[in-house]
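In this note's numbering, the protein residues as written are 54 to 206.
For reference, the structure is listed below as structure tokens.
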Amino acid sequence: MILLEHNNRIITEIFEQKFSAAKSGQKPESVDVKFADFDGVMYHVSNPDGDKTKILLSISLKFYKDLQEHGADQLLRREYGAQLQATPEKGYNVSVLYDLSAVEDNYAPVVEKASFLKRHCFASVFEKYFEFQEKGMEGQKRAVVHYRDDETM
């Protein structure tokens, strides 16, 4: 069975466990998990430089350059702010850094936003063209995203 959700359940589970442990004062444990979702997008959740108080969430999308042409970098900066790393982890397109020593009391929105990383990468294309439609701007160049080897949107 394939789970088709807005968010990534694996990220949600890892982050809820790590943030909950940090809030309850437990000693941080290392994490190094690589996984793919149903459409071949790769994720990596790890402790950068072995620092167990930090979690680095990275994503690799084959078509990220297509998304960049439509404002993905700007949207991710808006959503993740200073947590968005200027230089992503090697082999990945985007990396977001979380500090377990500074977890907010209500960390659920942070966990949710982390689990929406792929969704936020895609959102720029839709926001851009919905804005064109809203403003009645016709004749704009079509967005083409090479989603899979044999599939474009």
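From the three backbone atoms N, C-alpha and C, an ideal C-beta is built for every residue, glycine too.
Predicted, not measured: the structure shown is a model, and the values here were computed from it.
Burial is judged here by how many other beta carbons sit within 10 angstroms of a residue's own beta carbon; A161 has fewer than 16 and is exposed.
The C-alpha of T106 is placed about 29 Å away from the C-alpha of F175. Assignment of beta-bridge partners to L170 by DSSP yields no partner.
Rounded to whole angstroms, the separation of the alpha carbons of F72 and E157 is 9 Å.
Taken atom to atom, the span from the alpha-carbon of L109 to that of G93 is near 20 Å. Fully contained in the region 85-112 are the following beta strand (DSSP E) runs of length 3 or more, in chain order: 85-89, 95-99.
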